[in-house]
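Be aware that the sequence shown starts at 1270, since it is given in my numbering, and climbs by one per residue.
Heads up, the beta-carbon is just placed ideally off N, CA and C, and yes, glycines get one too.
Okay, structure first, notes after.
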Amino acid sequence: MKTKLLILAAACLAAVSCKPEEPEQKPSLEVSPLDLTFEAKEAAPQTVTVEAVNVEWKYTLAGDASQWVTVTDNEDGTLTVSVNDNPDTQQRTASLNIEVTDGSKVKGKGVTIIQAGAETPAVYEISVDKTDLTFEATAAKAQEVKVTTEGEGLTWSIEMEEADKTWVTVTEGEGKFTVEVADNPEEKDRTAVLIVKPNIDKAEEKIVRVKQVALVIPPSMEISLSNGATPEEGFVFNYAGERLDNQPDYQIIIDAVHIEEEEWDATVEYPEGEQHDWVNLLINKFDNNNLVTVALKDKQIYESKDPRTATIIISSSVEGIGPFRVNVTQQGKPDFLSDILENVEMKPMIGYDLILNTDNDTRNWGYSTWELKLWSEGVEFKASTAQFSGTGERISIKFASESIFKNDEGVYYIPDGTYNVVLNYDDNPEVIAPLTVSTGKRALWGHPKSTNGTWFLRMDANNYVGQACISAGSMTVERTGETYKLTFNFESDAQFDVTGTYEGELTPTSVL
């Protein structure tokens, strides 16, 4: 009996081990239902069941269906589909696609979603309480626009051109927006358009127009003086008709706003009983550059010791504008021209320039004239322009010697002797004679860069900072071979001594 049982157990074990494996399930995809129908309003969500065997899948909504259809994956093989209320009377449809994503040949499924049209369409509308806003040119107060909406879920925002954002600022709020504008710097109106843009196309956008009026600039005129002085201080010329700072002519700068060329002018007013017509005005009228240049007529030396005055009148025909008065003064001729008011011991002179004007049978002067320039260390002379630069001292001496004629050898020497200072040659030609020195005289043009007669001058950084007009004294000339010794015992017109010596050669650089 036990043997049977053992055989039976073995038979059973063999039967179990030989049982065939179950076949793998075939990939498949089933979706139900394939059609969903919803009411127009307050429709209940519906469920779609997806039975997927050995396949992976995903769902998508076709087109713009996601704007009104919502699908929720419940992670249990079901999808919940819900819809928004249909605002239109027309039925609308959408497609929910179930697609296989693992590359198998199982075809996807499509679920058609149909929602009935509404019995009455929903109304979406935006309204604004103002469509036109006008602002002042400056310091304009902010303005508010109220916005009313009708329709569930309807919102709005403000749009405008980028260029308008440089001067228009919009602040959106609950049911309103506020508009502010920057000051208008232009003399013309400017406009902008604000678009109240709804988030739902069925609502019509609204336009709010913004206008800011032009800046009104009343007529005005202001003047300024090129020398930085006040009109009361005005312009001051020296007795030779030059600016005291040796700069170009003075100018009155006129800033005229909304005043035409023909509406303003400049004239000169002179004190009663005094000399007239010595101030010269050059009037330039341009759009952005109105100038009156002030100079003295003919730039002649004023011989009187007493100053003279005049007034420039800038007037306009516009009521309340002007007149403006600018004083002009010309100083009287001083008792002396020197501004070095101390005795001078000249520095050693290291450079020279010498011009000889020879006598001849045609001129038959009976004398020859010399123009000698000497300068100290730190001063440079440019022969091509006859101008000096640098920092130091220089002296210019005009003198006459015995008659010297041109010779074939081209060798010329300054005759020895004591040369005494006499009156200026230009003013007193009868005093020119051998062994004389011409006193200084203020040159009509370019003084002290160019001098007349005999002058001692000081320079600092190319500028002339001191001068002594030689009016008396003597110059002694001694020559040994090619070497000269010149001894100066001069006196300025301010009655201060100007003394010094020069030792070295003096070969004419020009013989005329």
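DSSP places Thr1417 in the uninterrupted beta strand (DSSP E) bounded by 1412 to 1419. Where Phe1725 is concerned, the enclosing beta strand (DSSP E) starts and stops at 1724 to 1729.
In the DSSP assignment, Leu1551 falls within the unbroken beta strand (DSSP E) covering 1548 to 1553.
For Val1465, the number of other beta carbons within 10 angstroms of its own is at least 16, and it is reported as buried. Proximity of the region 1495 to 1515 to the region 1595 to 1603 meets the contact definition, three or more beta-carbon pairs being nearer than 8 Å. Here Thr1407 has Asp1452 as same chain residues with Cβ atoms under 6 Å from its own Cβ, once five neighbours each way along the sequence are excluded.
Straight-line spacing of the CA atoms in Met1744 and Thr1756 works out to 6 Å. Secondary structure in the region 1332 to 1402: the beta strand (DSSP E) runs of 3 residues or longer, each lying completely within the stretch, are 1338 to 1342, 1347 to 1352, 1361 to 1369, 1378 to 1384, 1394 to 1397 in chain order. Residue nearest to Lys1327 within the set Asn1343, Pro1684, Thr1768, Lys1310 is Asn1343 (criterion: CA-CA distance). Rounded to the nearest angstrom, the Cβ distance from Ser1670 to Ser1637 is 5 Å, consistent with a contact under 8 Å. In the structure shown, the three-state DSSP call for Thr1580 is strand. Around the Cβ of Gly1589, a 10 Å sphere holds fewer than 16 other Cβ atoms; the residue is exposed. Within the region 1578 to 1630, the complete beta strand (DSSP E) segments at least 3 residues long are 1593 to 1599, 1618 to 1626, listed from N- to C-terminus. Counting along the chain, Tyr1688 sits inside the beta strand (DSSP E) bounded by residues 1686 to 1691. When DSSP states are grouped into helix, strand and coil, Pro1302 belongs to the coil group. By the Cβ-count criterion, Leu1303 is exposed, with fewer than 16 other Cβ atoms from all chains shown falling within 10 Å of its own Cβ. Unbroken beta strand (DSSP E) runs of no fewer than 3 residues, entirely contained in the region 1429 to 1517, are found at 1437 to 1442, 1445 to 1450, 1459 to 1467, 1475 to 1481, 1489 to 1494, 1504 to 1506, following chain order. Here Glu1760 is not near Gly1735, since their CB atoms are 8 Å or more apart.
The DSSP-derived three-state label of Val1319 is strand. Excluding the 5 residues flanking it on each side, Thr1318 has same chain C-beta neighbours closer than 6 Å at Ser1301, Thr1347, in chain order. Remark: fewer than three beta-carbon pairs, one from each stretch, lie closer than 8 Å, so the region 1564 to 1580 and the region 1614 to 1621 are not flagged as touching. Rounded to whole angstroms, the gap between the alpha carbons of Pro1314 and Ser1364 is 16 Å.
Non-local beta-carbon contacts of Thr1720 in its own chain, meaning distances under 8 Å to residues more than five positions away in sequence, involve Ser1665, Gly1709, Ala1712, Leu1726 in chain order. Rounded to the nearest angstrom, the Cβ distance from Asp1766 to Ser1740 is 12 Å, too far for a contact under 8 Å. Contact between the region 1396 to 1405 and the region 1324 to 1341 is absent, with fewer than three C-beta pairs closer than 8 Å.
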